[in-house]
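S.K.: Numbering (full-length UniProt numbering), first residue to last: 1 to 376.
Quick reminder that beta carbons are idealized off the backbone N, C-alpha and C, glycines included.
All of these numbers come straight from a predicted model, not from anything done at the bench.
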Amino acid sequence: MDLYEYQAKELFGRHGIPIPAGRVAATPQEARAIAAELGAPVVIKAQVKTGGRGKAGGIRTAPGPAAAEDEAGHVIGMDIKGHTAHRVLVETATVPFEEYYAAFLVDRAEGGFLAMVSAQGGMEIEELAATDPDAIVRVQIDPETGVDAETARQLAAKAGLPEAAAQVLERLWRVMVAEDAVLVEVNPLICTTDQRIVALDGKVTLDGNAAYRHSWEYAEPADSLEDRARAKGLNYVKLDGRVGVIGNGAGLVMSTLDVVAGAGAAPANFLDIGGGASAQVMADGLEIILADPDVRSVLVNVFGGITACDAVANGIVTALELLGERGLGRPIVVRLDGNNAEAGRRILSEARHPAVRQVPTMDGAAETAARLAAGA
Numbered sequence: 001m002d003l004y005e006y007q008a009k010e011l012f013g014r015h016g017i018p019i020p021a022g023r024v025a026a027t028p029q030e031a032r033a034i035a036a037e038l039g040a041p042v043v044i045k046a047q048v049k050t051g052g053r054g055k056a057g058g059i060r061t062a063p064g065p066a067a068a069e070d071e072a073g074h075v076i077g078m079d080i081k082g083h084t085a086h087r088v089l090v091e092t093a094t095v096p097f098e099e100y101y102a103a104f105l106v107d108r109a110e111g112g113f114l115a116m117v118s119a120q121g122g123m124e125i126e127e128l129a130a131t132d133p134d135a136i137v138r139v140q141i142d143p144e145t146g147v148d149a150e151t152a153r154q155l156a157a158k159a160g161l162p163e164a165a166a167q168v169l170e171r172l173w174r175v176m177v178a179e180d181a182v183l184v185e186v187n188p189l190i191c192t193t194d195q196r197i198v199a200l201d202g203k204v205t206l207d208g209n210a211a212y213r214h215s216w217e218y219a220e221p222a223d224s225l226e227d228r229a230r231a232k233g234l235n236y237v238k239l240d241g242r243v244g245v246i247g248n249g250a251g252l253v254m255s256t257l258d259v260v261a262g263a264g265a266a267p268a269n270f271l272d273i274g275g276g277a278s279a280q281v282m283a284d285g286l287e288i289i290l291a292d293p294d295v296r297s298v299l300v301n302v303f304g305g306i307t308a309c310d311a312v313a314n315g316i317v318t319a320l321e322l323l324g325e326r327g328l329g330r331p332i333v334v335r336l337d338g339n340n341a342e343a344g345r346r347i348l349s350e351a352r353h354p355a356v357r358q359v360p361t362m363d364g365a366a367e368t369a370a371r372l373a374a375g376a
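(1) Tell me whether the beta-carbon of A35 lies closer than 7 Å to the beta-carbon of P63.
(2) Could you give the distance in angstroms between the alpha-carbon of L3 and the alpha-carbon of V204?
(3) Give a yes or no on contact between the segment 226-241 and the segment 127-135, applying the rule of three or more CB pairs nearer than 8 Å.
(4) Can you give me the start and stop residues for the beta strand (DSSP E) that I141 sits inside?
(5) Which first and last residues belong to the beta strand (DSSP E) in which A115 is found?
(6) Let me check understanding here. Comparing Cα to Cα, which of P360, L328, D294 lies closest to A374?
(7) Give me the residue from V175, V312, E10 with the minimum Cα distance to L336.
(8) Could you pull out every unbroken alpha helix (DSSP H) segment of at least 4 residues lying fully inside the segment 13-45, listed in chain order?
(9) Would D284 be called buried (16 or more neighbouring beta carbons within 10 Å of its own) or exposed?
(10) Just the C-alpha distance for V298 and A46, rounded to the nearest angstrom, thanks.
(11) What's the call for H214, buried or exposed, on a 16-neighbour Cβ count within 10 Å?
(12) Go ahead and pull the three-state DSSP assignment for Y4.
(13) Give me the DSSP bridge partner(s) of R357.
(14) Are there 16 or more other CB atoms within 10 angstroms of the CB of L225, so buried, or fewer, so exposed?
(15) Can you tell me whether Y212 is buried or exposed? The criterion is at least 16 other CB atoms within 10 Å of its CB, across all chains shown.
(16) For V104, list the residues DSSP reports as bridge partners.
(17) Near V317, what residues of its chain come up, given a Cβ to Cβ distance below 8 Å and the 5 sequence neighbours on each side ignored?
(18) 7 Å is my cut-off, CB to CB: does G304 come that close to chain B?
(19) Looking only at its chain, what residues have a beta carbon closer than 7 Å to the beta carbon of I17, apart from the 5 residues adjacent to it on each side?
(20) Near E185, which residues of its chain fall below 6 Å by C-beta distance, leaving aside the five closest residues on each side in sequence?
(21) So F270 and L257 are supposed to be a Cβ contact under 8 Å. How far apart are they, rounded?
(22) Mind the definition here: the segment 111-131 touches the segment 153-168 only if three or more C-beta pairs lie below 8 Å; say whether that holds.
(23) Would you mind working out which of L11, G247, E150, A156 sits nearest A181, comparing C-alpha positions?
(24) Which residue or residues does DSSP assign as beta-bridge partners of P162?
(25) Compare the Cα-Cα distances from K238 to each of R196, A291, R330 and report the closest residue.
(26) What is the C-beta distance between A355 and L372, in whole angstroms, given that I count them as a contact (C-beta under 8 Å)?
(27) Using 10 angstroms around the beta-carbon of A369, count the other beta-carbons present and answer buried if the total reaches 16, otherwise exposed.
(28) To the nearest angstrom, how far is the alpha carbon of I80 from that of F303?
(29) Out of Y101, V95, R53, A33, state which residue places its alpha-carbon closest to the alpha-carbon of T192.
(30) For a minimum of 4 consecutive residues, which ranges assigned as the alpha helix (DSSP H) are wholly contained in the segment 54-110?
(31) Have a look at V259 and D107 and give me their C-alpha separation to the nearest angstrom.
(32) Within this structure, are the beta carbons of I19 and V88 separated by less than 7 Å?
(33) Helix, strand or coil for A265 per DSSP?
(34) Report the option in G111, I125, A164 whose CA atom is closest to the CA atom of Q140.
(35) Determine the contact status of V48 and A68, defining contact as a CB-CB distance below 7 Å.
(36) Would A229 pass as a contact of I289 if the rule is Cβ separation under 7 Å?
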């Protein structure tokens, strides 16, 4: 269960981790009132469960209440990677002197916990890991002993963080254990000009299996693509690429993602319609993918078994009929093979939809989708 930033920070505050003063607002008028109460320049931060808010314009500064209302009006309702910002966090603007990274997570491969700490924060940890992996200190945490004051001091020292950060690391571990989290992350954890350590951002994922031990009230409206897909019973994961992918069976979808990457493009999602998908399931899947503004082309890769290719083809035709003009903007590359493949190809050929392109091979379909996503 992923939390919004403001929810993560509420947990941080409960466990004594310093955070900027602020509150969440659902309207521009509420944002203005909060900024007036804070009496200082503020930051307006879109509350969505995805990264890339800053690059998308979802984090904005405001010198006063009127500007806060104006900026909140721009951010509320914004779509960021398929997530709609229904709320903003309005908090006191805090200028960092230095930025760090700190996280605790469940390490399933080792059957324990992993600490990740770096003196280089403020950037995506995946980018840092790729460009300078030695900048991240990784330490296995014994579940029996956990992180006490001495362990926290060692972590801070090894990563090059100031001694004052050790107390925050110890308290982040307390959040991990007390709240049954599988991930607790702060990026950036900052040192201010007056040497205070503050959690400027926060990401927490709770273990839903432990809900019976807590009084969590984190239910949210189904506003993300993942939520909408889940409501339709689809196995969907949003990714950061431009080629939407639909397949039947997790193995085939994973292989398709690899082939798309090999063709020089990045997949925009993982979507498995399952082994016995109906035309309606196919239509639902295509509707979800075409709702993603990042998608520039779609690759439907189906090997008919329990799922017959004619049902898939009917689903594509049905979805495009329902979408109308919304289904015209992006090309859909279809590769059908296996059970009733000829019938499925015939259905698509007879439909003559201008968005649909049929390619007989998996590699060829991936290359075509990649080229179309690049605008070639």
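M.R.: Taking the geometry as given:
(1) 7 Å or more divides the Cβ of A35 from the Cβ of P63.
(2) Cα to Cα, L3 sits roughly 6 Å from V204.
(3) The segment 226-241 makes no contact with the segment 127-135, as fewer than three CB pairs between them are under 8 Å.
(4) Counting along the chain, the unbroken beta strand (DSSP E) around I141 starts and ends at 136-141.
(5) Residues 112-118.
(6) When each option's Cα is compared against that of A374, the closest is D294.
(7) Checking every option, the nearest Cα to that of L336 belongs to V312.
(8) Fully contained in the segment 13-45 are the following alpha helix (DSSP H) runs of length 4 or more, in chain order: 28-38.
(9) Buried: at least 16 other Cβ atoms inside 10 Å.
(10) Spanning the two alpha carbons is a distance of roughly 28 Å.
(11) Looking at its Cβ environment, which holds fewer than 16 other Cβ atoms inside 10 Å, H214 is exposed.
(12) For Y4, the secondary structure class from DSSP, reduced to helix, strand or coil, is coil.
(13) Answer is V333.
(14) So L225 counts as buried.
(15) Residue environment analysis places Y212 among the exposed positions, since fewer than 16 neighbouring C-beta atoms fall within 10 angstroms of its C-beta.
(16) A small correction: the amino acid at residue 104 is Phe; Val does not occupy that position in the sequence shown. In the DSSP secondary-structure assignment, F104 is bridged to A115, V184.
(17) Counting only residues of its own chain and dropping the five nearest sequence neighbours on each side, V317 has a CB closer than 8 Å to the CB of I347, L348, A351, H353.
(18) Although the question refers to chain B, the structure presented lacks it and comprises just one protein chain.
(19) Contacts found: V168, R171, L172, A199.
(20) Excluding residues within five positions, the ones whose Cβ falls inside 6 Å are A103, K203.
(21) Indeed, because the Cβ distance is near 7 Å, the residues count as touching under 8 Å.
(22) The segment 111-131 makes contact with the segment 153-168: 3 or more CB pairs, one atom from each, lie closer than 8 Å.
(23) Comparing Cα-Cα distances from A181 to each of L11, G247, E150, A156, the minimum goes to L11.
(24) In DSSP, P162 forms no bridge with anything.
(25) When the alpha-carbon of K238 is set against those of R196, A291, R330, the nearest one is in A291.
(26) Beta-carbon to beta-carbon, A355 and L372 are separated by about 10 Å, too far to satisfy the 8 Å threshold.
(27) A residue is called buried when at least 16 other Cβ atoms come within 10 angstroms of its Cβ; A369 meets this threshold and is buried.
(28) Separation of I80 and F303 (C-alpha to C-alpha, rounded to the nearest whole angstrom) is 33 Å.
(29) Of the candidates Y101, V95, R53, A33, the one whose C-alpha sits nearest the C-alpha of T192 is V95.
(30) Listed in chain order, the complete alpha helix (DSSP H) runs (minimum 4 residues) inside the segment 54-110 are 65-75.
(31) One C-alpha to the other measures close to 28 Å.
(32) Judged by their CB atoms, I19 and V88 are not nearer to each other than the 7 Å cut-off.
(33) Note: A265 maps to coil in three-state DSSP.
(34) It is G111.
(35) In this structure, V48 sits away from A68, with a CB-CB distance that is not shorter than 7 Å.
(36) When the beta-carbon positions are compared, A229 and I289 stay at least 7 Å from each other.
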